[in-house]
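Heads up: the sequence lines are chains H and B, in that order. All letters in the first sequence, in the order written, are residues 1 to 279 by the numbering used here. All letters in the second sequence, in the order written, are residues 1 to 279 by the numbering used here. Before any comments, here is the structure.
2 protein chains.
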Amino acid sequence: MAPKAKRTKRPRRAERVNGAGTLLIIGGREEKRGEMRILRDVAERVRRGRLVVTTVATEHPEEVWHEYHRLFKHLGVANVDHLDIDQRSDGFSDEHIRMIDRASGVFFTGGDQLRITAKMGGAPICEAMRGLLNRGGVIAGTSAGASVMSETMLVAGVSDASHRIDAVKMAPGLGFISGVLIDQHFAERGRLGRLVGSVAQNPRLLGIGIDENTSIAVSDSHFTVAGAGAVYVVDAMRESDTNISEQEAEHTMSIFDLRLHILADGDSFDLQQRRPKRG
Amino acid sequence: MAPKAKRTKRPRRAERVNGAGTLLIIGGREEKRGEMRILRDVAERVRRGRLVVTTVATEHPEEVWHEYHRLFKHLGVANVDHLDIDQRSDGFSDEHIRMIDRASGVFFTGGDQLRITAKMGGAPICEAMRGLLNRGGVIAGTSAGASVMSETMLVAGVSDASHRIDAVKMAPGLGFISGVLIDQHFAERGRLGRLVGSVAQNPRLLGIGIDENTSIAVSDSHFTVAGAGAVYVVDAMRESDTNISEQEAEHTMSIFDLRLHILADGDSFDLQQRRPKRG
Numbered sequence: 001m002a003p004k005a006k007r008t009k010r011p012r013r014a015e016r017v018n019g020a021g022t023l024l025i026i027g028g029r030e031e032k033r034g035e036m037r038i039l040r041d042v043a044e045r046v047r048r049g050r051l052v053v054t055t056v057a058t059e060h061p062e063e064v065w066h067e068y069h070r071l072f073k074h075l076g077v078a079n080v081d082h083l084d085i086d087q088r089s090d091g092f093s094d095e096h097i098r099m100i101d102r103a104s105g106v107f108f109t110g111g112d113q114l115r116i117t118a119k120m121g122g123a124p125i126c127e128a129m130r131g132l133l134n135r136g137g138v139i140a141g142t143s144a145g146a147s148v149m150s151e152t153m154l155v156a157g158v159s160d161a162s163h164r165i166d167a168v169k170m171a172p173g174l175g176f177i178s179g180v181l182i183d184q185h186f187a188e189r190g191r192l193g194r195l196v197g198s199v200a201q202n203p204r205l206l207g208i209g210i211d212e213n214t215s216i217a218v219s220d221s222h223f224t225v226a227g228a229g230a231v232y233v234v235d236a237m238r239e240s241d242t243n244i245s246e247q248e249a250e251h252t253m254s255i256f257d258l259r260l261h262i263l264a265d266g267d268s269f270d271l272q273q274r275r276p277k278r279g
Numbered sequence: 001m002a003p004k005a006k007r008t009k010r011p012r013r014a015e016r017v018n019g020a021g022t023l024l025i026i027g028g029r030e031e032k033r034g035e036m037r038i039l040r041d042v043a044e045r046v047r048r049g050r051l052v053v054t055t056v057a058t059e060h061p062e063e064v065w066h067e068y069h070r071l072f073k074h075l076g077v078a079n080v081d082h083l084d085i086d087q088r089s090d091g092f093s094d095e096h097i098r099m100i101d102r103a104s105g106v107f108f109t110g111g112d113q114l115r116i117t118a119k120m121g122g123a124p125i126c127e128a129m130r131g132l133l134n135r136g137g138v139i140a141g142t143s144a145g146a147s148v149m150s151e152t153m154l155v156a157g158v159s160d161a162s163h164r165i166d167a168v169k170m171a172p173g174l175g176f177i178s179g180v181l182i183d184q185h186f187a188e189r190g191r192l193g194r195l196v197g198s199v200a201q202n203p204r205l206l207g208i209g210i211d212e213n214t215s216i217a218v219s220d221s222h223f224t225v226a227g228a229g230a231v232y233v234v235d236a237m238r239e240s241d242t243n244i245s246e247q248e249a250e251h252t253m254s255i256f257d258l259r260l261h262i263l264a265d266g267d268s269f270d271l272q273q274r275r276p277k278r279g
């Protein structure tokens, strides 16, 4: 056993979640009736604690809040609070920070990822969320709420098309996890092209594409897949070879020797070793 | 130079086109005004010879014939003939077989691939087409006309979704090329899932997904990409590992360690060595 025993605790690469908590990253359109496996997972992780639903991503915060409030109460969460951040000063308010400080979990709804980062990026409320992770809490996010989890996030890029070199937009995310780039509604919107196009720009990042009604639960440097769809991992680290820096922007990207893993319910992935494992 | 000199002429695997001719396999929706790069390529390969346009795939043969007739005349093809096969006996008619015998090229329009194979599979007209390839001619096909080129073809499977194990339908194709499985409208319809799902069933086949307005020209055991989009090559030969034979049919497929190449205009691919080359 000795040779395979654990090494130093420091990860070889940066792909790990801050702290001891769990990130639950959802590819959008999670089931909202019947089994509700993904939302039930969020609810069960929070148990008798408080769950904060943040609707900062959406233009319809009240509507979205009412729906998730109803669902999470139905799923047995004792206390569900609403955090809306309408202006940047809301991310500095003691009342809001206290809301996070006493929570066991935060749930980011969908909408527009730039609304999330523009309104709360760098604000003390983000530090409070990092604190939540450090004490073993859960941060969940669906759709836009999934994309913001990483250091760098995908903001825009055509779906259902191959990647043109200038076609993707990235921006700094909330940084709860580094070393990865997350895309959502993945197979449903044909987003392989834009994820590959992003990863090609810097293969340090591992591309993770999550289908609808599907999640990954990340803790420390592993994740596990749950739900109906698949999770695509695009790894350009070792052998890939691309024309992305040589060609004009409107040219279609060419990239060879990508490694692609398609994971389904129960499969897991080691982000440090970049290796999948069947569930 | 000696060590890399040619080996025996016999390919190590089956991926090669019959005969000395060229297959021009088009991902659908090739440009029909302006530069018309893909159709111009067909026209230039036929030069002063005869091009036979076959509309067997479509339910609107006259309409489709008139459009392509106009386009190929515009592009300078001296003689353009129409081959419609309405019933199986048409594939046995001497008149039709003579039409192929004197042609330099055949162009299969889009429609439904099963119409093509059900109406002409195994008929003498297919042998005549094989003869055309053997004497160095061109067989081109777009969309459904692209899919039928291979020994086994993809017939149906959901687009914009990850692959469920029972979700793909394959059928025997016309067999002008073996060892590959071709899909079209590839990025545009989000078809990675179904192509990977097909290749996983037998990694002997190399999966080739062709975007719209994009083609591959295959001769002997190489192909070259032309056009606006990308060509995806899915290789599960060496390291891949899947649950496809173990799981229930409605389960989402999981497959690890696929090799994925995304080729753009000018790139080429060696089907025997399974290696891409930048253009």
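We treat Cβ as the ideally placed atom computed from N, Cα and C, and that holds for glycine. Note that the structure is predicted; figures quoted are calculated from it, not measured.
Per DSSP, residue i is paired with what?
i, result
"Lys277(B)", "Ser268(B)"
"Ala103(B)", "Note: Ala103(B) sits in no beta bridge, so no partner."
"Lys169(H)", "Ala156(H)"
"Ala226(B)", "Ser215(B)"
"His281(H)", "Any question about residue 281(H) goes unanswered here, given that chain H covers just 1 to 279."
"Leu83(H)", "Thr54(H)"
"Val180(H)", "Leu206(H)"
"Asp241(H)", "Phe256(H)"
"Ile25(B)", "Gly141(B) and Ile216(B)"
"Arg164(H)", "Thr252(H)"
"Phe108(H)", "Thr54(H) and Gly141(H)"
Whose C-alpha, out of the options, is nearest the C-alpha of residue i?
i, options, result
"Gly207(B)", "Ser215(B), Arg194(B) and Ala217(B)", "Arg194(B)"
"Glu127(H)", "Arg98(H), Val155(H) and Arg115(H)", "Arg98(H)"
"Val218(B)", "Val80(B), His66(B), His82(B) and Met149(B)", "Met149(B)"
"Ile25(B)", "Val155(B), Leu181(B) and Ser159(B)", "Leu181(B)"
"Ile244(B)", "His222(B), Ser178(B), Ala20(B) and Asp166(B)", "Asp166(B)"
"Val233(H)", "Thr214(H), Asp220(H), Thr242(H) and Gly209(H)", "Gly209(H)"
"Gln113(B)", "Thr142(B), Asn213(B), Ser198(B) and Asp270(B)", "Thr142(B)"
"Ala257(H)", "Ala228(H), Val199(H), Thr22(H) and Asp267(H)", "Going by the sequence as given, residue 257(H) is Asp instead of Ala. It is Val199(H) whose Cα lies nearest to the Cα of Asp257(H)."
"Leu271(H)", "Ile216(H), Thr242(H), Ala226(H) and Val80(H)", "Ile216(H)"
"His163(B)", "Gly279(B), Leu192(B) and Val231(B)", "Leu192(B)"
"Ala20(H)", "Met237(H), Arg130(H) and Asp183(H)", "Arg130(H)"
"Met120(H)", "Thr54(H), Arg88(H) and Ser93(H)", "Arg88(H)"
"Gln273(H)", "Leu154(H), Glu151(H), Met237(H) and Thr55(H)", "Met237(H)"
"Gly110(H)", "His69(H), Phe92(H), Thr54(H) and Val158(H)", "Thr54(H)"
"Ile116(B)", "Glu246(B), Met153(B) and Gln184(B)", "Met153(B)"
"His185(B)", "Glu246(B), Val158(B), Val64(B) and Gly266(B)", "Val158(B)"
"His66(B)", "Ala228(B), Glu44(B), Leu205(B) and Lys32(B)", "Lys32(B)"
"Arg45(B)", "Glu246(B), Arg204(B) and Leu133(B)", "Leu133(B)"
"Glu151(B)", "His222(B), Ala228(B) and Leu205(B)", "Leu205(B)"
"Arg275(B)", "Asp90(B), His222(B) and Tyr68(B)", "His222(B)"
"Asp220(B)", "Asp235(B), Ser268(B), Ala228(B) and Val196(B)", "Ser268(B)"
"Asp235(H)", "Ile85(H), Val64(H), Gly197(H) and Glu63(H)", "Gly197(H)"
Report back the beta-carbon spacing between residue i and residue j to the nearest angstrom; my notes put them in contact at under 8 Å.
i, j, result
"Val52(H)", "Leu83(H)", "5 Å"
"Ala249(H)", "Asp211(H)", "Not confirmed; about 29 Å, so no contact."
"Thr242(B)", "Ala230(H)", "Incorrect: roughly 12 Å between the Cβ atoms, too far for contact."
"Leu23(H)", "Ile177(H)", "6 Å"
"Ala144(B)", "Gly27(B)", "Ala144(B) to Gly27(B), Cβ: 11 Å. No contact."
"Ser254(B)", "Arg278(H)", "6 Å"
"Arg40(H)", "Ala78(H)", "At roughly 15 Å, the Cβ-Cβ gap does not stay under 8 Å, so Arg40(H) and Ala78(H) are not in contact."
"Asn213(B)", "Glu30(B)", "5 Å"
"Asp101(H)", "Arg50(H)", "Contact flag wrong, Cβ pair sits at about 10 Å."
"Arg37(B)", "Ala226(B)", "7 Å"
"Phe92(B)", "Ala118(B)", "15 Å between Cβ atoms; not a contact."
"Gly179(H)", "Asp160(H)", "Not confirmed; about 28 Å, so no contact."
Contact the segment 131-142 of chain H vs the segment 97-108 of chain H: 3+ CB pairs below 8 Å:
yes
With contact counted as at least three CB pairs below 8 Å, one residue from each stretch, are the segment 68-76 of chain H and the segment 247-262 of chain H in contact?
no
What alpha helix (DSSP H) runs, 4 residues minimum, are completely inside the segment 116-156 of chain H?
124-134 and 144-147
When you compare the segment 53-66 of chain H with the segment 157-171 of chain H, are there three or more beta-carbon pairs, one atom per stretch, that lie closer than 8 Å?
no
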